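Quick note: the sequence shown uses UniProt numbering, first residue 1, plus one each step. Using N, Cα and C, we set each Cβ at its ideal position, and we do this for glycine too. On a predicted model such as this, the values are computed, not experimentally measured, just so you know.
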Amino acid sequence: MEYEIDGFIKRHDLLKPHSTLLIGVSGGPDSMALLYYLNARKHQWDFHLIVLSVDHGLRGEASREDVEYVRAFCFEHNIAFHNTSVDVPTYKKKHKLGTQEAARKMRYTFFYEQMKQHQADYLVLGHHGDDQIETMLMRLTRSSNPAALTGIPLRREFATGQIIRPFLAVTKKDIESYCKEKGITPRRDPSNEEDLYTRNFFRMHLSPLLKEQNPNLHRSIQKLSEAITADTHYLDQQAQKAFESIVHIINKPKQVECSIILLKKYPFALQRRVFHLILNYLYDVLPDSLHYGHEEQFFDLIHSERANASIDLPKKMRMTKSYQSIHFQFQEEKAHNFSYFLPVPGEVRLPDGTEIVASVIKPPFSKNQDRNVLIVQVDVEKQTPFLVRYRQPGDRMYVKGLHGRKKVKDIFIDKKIPLHQRDRWPLIVDQQGDVLWVIGLVKGTEKGHSNGHQFIKIEYRSNENI
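Now the structure itself:
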């Protein structure tokens, strides 16, 4: 077994001499064999070994005895030892997790802290080839995401260094034989022999059947995992380039806009990854309720013939298609609650930092040339103060070329304004309820506001005009 692991480490360049290694040791066969193996090589490689052990509080006195067993081994072999006790039941209840997931999170938190404290190069864990088989089988039955088939990573970045798993090259049977050969008497967790947990079911029933067909299944599975990992890494790099090319990030509030035309130019494999990069950017933590069906809805949306449509995602996220773009944004309070009075003269500042300024002017002046300036002739007493607000159902205005009034909704459609922007587009409305200006877009005709003898200049000011 040692020859197999030595070759595996060399082939993958897993360890470098003169390194500080933290070793996660529970007292069971896998971690004790790993500790024995590394301790036998510490002088040859000039390793500084530090053993970490966690009492999860799940098996009472037996858990404490596991830790003391590891402590005694380390004392006998002059190896640095650190341990901690954690309250998994309380953490599990607080964070609404399963027992195994809660234990894992608390264990890795301790590992992370120790990596930082010791500025360690590696955290070495005892996962073996059979663990890899079980993981791949479990993910195959649960997930439709190809990336899930990368399995247990051979190495990954962690804290100040890397997590590595050199025992992925060998099987549980190899490890048991190694323990017997070296006189190691490991601790045993009876729960590992019960099929109450999903992993144990795969371990006890499915994996043995597959090994009857291929005794070296662990090697085939490990090679598959490494191949998929390499492919995934390359595709992720290409997807990041695509993301940076076709996705526009907007801050305050946090939102993303993606060009459908540009997205469709990329292969489907990259389109999928761009979608997931968008979600990873917007969500601080991906919600558990996010699933493959949402990805299908995304592609249904971008291939839909409808010009405007939207779909809600978890945590009040909404993706909205508007013509040839798709927009992602967390939903805020209803837009129609927004309104400000604009006195004449006077000014208002909108929530986005833009300003609208009203002033009385006298002729001569150049009328209505600037798209961000409106000059109106009004009866100040009857029609002011103006109201600055977002659209409301039934809003209409007098538009050049029409005998009557036109719906503001239809103006947005004609101008192909993205759906998510329509409820956030400021309007200028007089005291009689007439829309005088869809700011920066359409100005009302004089028929709608030439009832007085004073000229009012309304100016929209922003760092980037509409």
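Buried versus exposed, by CB contacts within 10 Å (16 or more), residue i
i, result
"Ile-261", "exposed"
"Val-376", "buried"
"Asp-300", "exposed"
"His-336", "Since pLDDT at His-336 reaches only 46, below the 50 mark, its modelled position is unreliable, and no value is offered."
"Leu-313", "buried"
"Phe-365", "exposed"
"Ile-250", "exposed"
"Ser-225", "buried"
"Gly-126", "buried"
"Ile-5", "buried"
"Leu-402", "exposed"
"Lys-241", "exposed"
"Thr-185", "exposed"
"Val-435", "buried"
"Ala-40", "exposed"
"Tyr-91", "buried"
"Gln-237", "exposed"
"Ser-339", "exposed"
"Lys-443", "buried"
"Arg-306", "exposed"
"Ser-325", "buried"
"Phe-75", "exposed"
"Val-285", "exposed"
"Ala-230", "exposed"
"Val-380", "exposed"
Euclidean distance between Cα positions of residue i and residue j
i, j, result
"His-18", "Pro-267", "45 Å"
"Thr-445", "Ser-289", "50 Å"
"Asp-121", "Asp-87", "28 Å"
"Ala-269", "Ala-148", "14 Å"
"Asp-130", "Asn-308", "50 Å"
"His-233", "Ala-239", "10 Å"
"Pro-426", "Val-256", "21 Å"
"Leu-374", "Ser-359", "11 Å"
"Arg-273", "Gly-433", "48 Å"
"Arg-203", "Lys-42", "33 Å"
"Lys-10", "Pro-166", "10 Å"
"Lys-400", "Phe-412", "16 Å"
"Glu-61", "Val-70", "15 Å"
"Arg-142", "Glu-181", "38 Å"
"His-12", "His-303", "43 Å"
"Asp-430", "Leu-342", "10 Å"
"Tyr-323", "Cys-258", "11 Å"
"Leu-210", "Phe-243", "40 Å"
"Ile-428", "His-248", "29 Å"
"Asn-145", "Pro-287", "16 Å"
"Arg-371", "Pro-393", "25 Å"
"Leu-97", "His-291", "18 Å"
"Asn-200", "Lys-223", "23 Å"
"Leu-282", "Ile-361", "46 Å"
"Lys-264", "Thr-384", "50 Å"
"Asp-297", "Ile-311", "With the sequence shown as reference, residue 297 is identified as Gln, and Asp is not the correct amino acid for it. Straight-line Cα distance between these residues: approximately 8 Å."
"Gly-404", "His-453", "23 Å"
"residue 473", "Ser-220", "Residue 473 falls outside the range modelled here, since the chain spans only 1 to 466, and no answer is possible."
Cβ distance (whole Å) where residue i is taken to contact residue j below 8 Å
i, j, result
"residue 467", "Phe-330", "Beyond the ends of the chain as shown, which are 1 and 466, falls residue 467; an answer cannot be given."
"Phe-328", "Ile-246", "Going by Cβ atoms, the distance from Phe-328 to Ile-246 rounds to 13 Å, so no, they are not a contact pair."
"Ile-456", "Val-378", "6 Å"
"Glu-355", "Arg-424", "Incorrect: roughly 16 Å between the Cβ atoms, too far for contact."
"Leu-58", "Leu-21", "About 27 Å; that fails the 8 Å criterion."
"Glu-459", "Val-344", "Glu-459 to Val-344, Cβ: 12 Å. No contact."
"Phe-158", "Leu-123", "6 Å"
"Arg-396", "Lys-382", "With a Cβ gap of about 19 Å, Arg-396 and Lys-382 do not count as contacting."
"Ile-23", "Leu-35", "6 Å"
"Asp-174", "Met-32", "Not a contact, Cβ separation roughly 14 Å."
"Gly-161", "Met-115", "6 Å"
"Thr-171", "His-128", "6 Å"
Residue i: CB within 7 Å of a non-hydrogen atom of the ligand ZN
i, result
"Val-442", "Absent from the structure shown: the ligand ZN. Ligands present: none."
Notebook entry, point to check: Using 8 Å as the Cβ pair cut-off and three pairs as the minimum, do the region 380-391 and the region 312-325 touch?
Noted result: no
Margin query: At 4 residues or longer, what runs of the alpha helix (DSSP H) sit wholly inside the region 111-139?
Written below: Under the rule that a run must span 4 or more residues, no alpha helix (DSSP H) segment is found entirely inside the region 111-139.
Notebook entry, point to check: Counting Cβ pairs, one atom from each stretch, are 3 or more of them under 8 Å apart for the region 10-29 and the region 56-70?
Noted result: yes
Item checked: the region 150-158 / the region 125-138 touching (three or more Cβ pairs under 8 Å) -> yes
Next item on the list: Count the CB pairs spanning the region 39-55 and the region 72-85 that are closer than 8 Å, and state whether there are at least three.
Entry: yes
Check: At which residue ranges does the UniProt domain "Lysidine-tRNA(Ile) synthetase C-terminal" (386-458) contain complete beta strand (DSSP E) runs of 3 or more residues, listed in the order of the chain?
Finding: 386-389, 396-398, 405-407, 427-429, 435-438
Check: Where in the region 221-258 do unbroken runs of the beta strand (DSSP E), each at least 3 residues long, occur, reported from the N-terminal end onward?
Finding: 247-250
Next item on the list: Run through the region 45-121 for me and flag every whole alpha helix (DSSP H) of 4 or more residues, listed as ranges in chain order.
Entry: 61-76, 88-95, 99-118
Next item on the list: Entirely within the region 161-199 and at least 3 residues each: give me those beta strand (DSSP E) ranges in chain order.
Entry: 161-164
Note to self: Could you tell me which whole beta strand (DSSP E) segments of length 3 or greater appear in the region 305-349?
What the structure shows: Unbroken beta strand (DSSP E) stretches of 3 residues or longer found wholly inside the region 305-349: 308-313, 317-322, 325-330, 339-342, 346-349, given in chain order.
Check: Which runs of the alpha helix (DSSP H) fall wholly inside the region 258-292 and span at least 4 residues, in chain order?
Finding: 260-263, 268-282
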